[in-house]
Structures are given as structure tokens and as C-alpha cells.
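See structure below.
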Amino acid sequence: MCVTAFYFNSNASPGSFKFVLVFNRDECYSRPTQPASFWQDTDIIAGRDLEVGKEGGTWLGVNKNGKVAFLLNIFNVQGPNPQAKGRGSLVSNFLVGDKSPEEYLQEVSKDGDLYNPFKLTCIDLSKNGEAGYYSNKITETPCRLEAGFHGCSNSGLKKPWPKASYVKSHLEELVTSYSTAEEDKLIEKLFEVFSNDSRIDGHEFDLPANITLETSAEVFQEVLPHLIMVKTPFYGTRSTTVVAVKDNNEAIFVEKYLEEPIVASNYQWKTKQYRFTMGLEICAL
6 MCVTAFYFNS
16 NASPGSFKFV
26 LVFNRDECYS
36 RPTQPASFWQ
46 DTDIIAGRDL
56 EVGKEGGTWL
66 GVNKNGKVAF
76 LLNIFNVQGP
86 NPQAKGRGSL
96 VSNFLVGDKS
106 PEEYLQEVSK
116 DGDLYNPFKL
126 TCIDLSKNGE
136 AGYYSNKITE
146 TPCRLEAGFH
156 GCSNSGLKKP
166 WPKASYVKSH
176 LEELVTSYST
186 AEEDKLIEKL
196 FEVFSNDSRI
206 DGHEFDLPAN
216 ITLETSAEVF
226 QEVLPHLIMV
236 KTPFYGTRST
246 TVVAVKDNNE
256 AIFVEKYLEE
266 PIVASNYQWK
276 TKQYRFTMGL
286 EICAL
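Going letter by letter, the sequence shown gives residues 6 to 290 in the working numbering.
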């Protein structure tokens, strides 16, 4: 299941970052996906879900005005309800709208029971780094997020899976070690952290030889909290995305993704990179 770590500070000092996010997206290899790009006639950069009936949704997106949103599913051994509404539009609707994170998450929470379990984080860097979080399974009402470092996976922010704590601590170590002049090195190190495919608890990770998507829930329940990059014959980490915004509002969006069709025995990784300037005020210190 997906894992992310992020940091935001609207009062970033000169030569430091005001926002950094790293996100691993885990999904079935058979689910068609469009890699991240700028969406036509918008200022949004995001990947797209191309699954029939779910087309156009996304799990992570950014716009040039400083809005960021991402969604993580909550692990459910019973599997998703096929009759529930698609969750991918929850991200894009925030990015194209004019509501603040608090306003938008309050709106989403009114219909939270129509969706399979999720966690949605919305950030607006143009509003002094206003950020909020809502889960239709863990929190009854949206919660405000304070500036700083956060890690999140398929459990709550207050009771994170071990891998969420792991990536958060590594993000903090790296962001505080590298200046904006060392952006390339920071991004390289972040990709290294998020490409770790060993269990972080030191245990061996051996899948049963006959495992299938239908029989994987019990195995995944035990191992996924400890795996940052997931690799199985049918499901795994399909992309790693890094977004970084400097104190002068220069932004970079880098995504490494598996080219389709995905063959587990022969992964083909591609990289896309976008640079742009966010339309934010530069804080004078």
C-alpha cells in the first residue's frame, strides 16, 4: 500500500525548502495508468487513473498556484466495495476549485460514507501553508495539520505504520541536511530511501509460491506495514514521485514510474521531470 512523507514551512529561510513530498504509489500492475503530466487546459500536474469507470481520477496532484493534494486508501482485508464512488476525483476537485483545505475537507466529510476507506490530505502553500487531513474511517471530522514533517501510509497519522515513521525520519534528516543549491542530491537520496524493497524490521520477505491477488490479503496485512517499495508478481510500487518547492517558489516535480505493460520479471523504469514556478508570495524574513 502507498506511503508518503512530506514537509511544509511557509516561512522557509533563504536557501531552504518550503515544501518537499515523496510518494510511493502501490497498485495492481493490470490497472491502466497515465504517468504524471500537465493536464490539458489546467495548471495541474498529476498522473491519471485510466481504469474503466474510474477514468480521470488521481492519487497525487499539484497545481501552479500552490495547491497539493494526495489520497491513500486504507487497508481492508475484506477488499473494496465495488459499488462505492470512485475516490480519485477527491484530489482533482480540490486542485481545480477555489476552496481552502478546511472548507474542502468539510465538504468531502459530508459524503464520506459513499466511498471506500481513504485518507485525503490537502495543502495550500499560498495560504501560509494551510493544510488539513480527513479520513472517512479514522476521523469523524477534518483535522488541521501543523507545519513540519509528516509520514503517512495506510493507517492513521497518530498511529502510523512502521514504514511511515521510517520515511518521515529519513525525510527530516535529508531536508535538514541539504540546501536548495543541493536539490539534485536531495532528490537522489529521497529516491534511494523510497526504493528500499527490504522489510525495514529486518525480517525476510518471501511470498508464498502460489499467491494470487485473491489470496494476498492475509499476507499483505502482515508485511505491508514494513515494506516501502513493494514487489510482487501482480501488485507493487508503480511510481515514486518527488515534489520540492524552494524558498523562491521554484518547483520541481520528478516521477519514476513503471512502463506499461508491467512484467514483474523485467521492470522497465522511466523518469519524467517538470520544473515550474508557483504563483506564491515570497516571504520576507
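The C-beta atom is built at its ideal place from N, Cα and C for all residues, glycine as well. For clarity, every value in this text was computed on a predicted model and none was experimentally measured.
CB-CB length for residue i against residue j, believed under 8 Å
i, j, result
"S131", "G71", "4 Å"
"I143", "F199", "At roughly 24 Å, the Cβ-Cβ gap does not stay under 8 Å, so I143 and F199 are not in contact."
"F24", "F13", "5 Å"
"F281", "K69", "6 Å"
"G137", "E112", "Incorrect: roughly 11 Å between the Cβ atoms, too far for contact."
"T237", "L212", "6 Å"
Nearest to residue i (by Cα), restricted to the options the options
i, options, result
"T47", "F28, F75, S18 and N98", "N98"
"N121", "P147, F80 and V67", "F80"
"M283", "D31, M6, I49 and K163", "I49"
"V268", "C33, A10, F22 and S18", "C33"
"A10", "Y240, I216, S158 and E227", "S158"
"W64", "V57, G58 and A51", "A51"
"R30", "T181, T245, G93 and L229", "T245"
"G102", "E178, I128, P37 and I257", "I128"
"K194", "V180, I205 and A256", "V180"
"S270", "A256, E255 and Y240", "Y240"
"K90", "Y109, C7, G58 and G153", "G58"
"L150", "L110, S182 and E178", "L110"
Sub-8 Å separation of residue i and residue j beta-carbons
i, j, result
"Q273", "E260", "no"
"S140", "G156", "no"
"S21", "S184", "yes"
"K277", "A74", "no"
"D54", "G62", "yes"
"L77", "K124", "yes"
"I205", "K163", "no"
Range of the contiguous alpha helix (DSSP H) that encloses residue i
i, result
"E109", "Going by the sequence as given, residue 109 is Tyr instead of Glu. Note, Y109: alpha helix (DSSP H), P106 to S114."
"A222", "A222 to V228"
"V96", "S94 to V101"
"F196", "E188 to F199"
Residue i - partner residues in DSSP beta bridges
i, result
"T242", "D31"
"A136", "I128"
"N121", "Paired residues: none, contrary to the question."
"Q39", "R53"
"I143", "I143 is not bridged to any residue."
"K163", "Answer is none; K163 lacks a bridge partner."
Residue i - containing beta strand (DSSP E), residue span
i, result
"V8", "V8 to F13"
"Y279", "W274 to T282"
"H155", "G153 to C157"
"K168", "That residue, K168, is in no beta strand (DSSP E); its alpha helix (DSSP H) goes P167 to V180."
"G66", "L65 to N68"
"V259", "E255 to L263"
"K366", "The structure shown does not extend to residue 366, since the chain is modelled only from 6 through 290, so no value can be given for it."
Cβ-heavy atom distance, residue i to the ligand GDP, below 7 Å
i, result
"L218", "With respect to small molecules bound, the structure shown includes none, and the ligand GDP cannot be examined in it."
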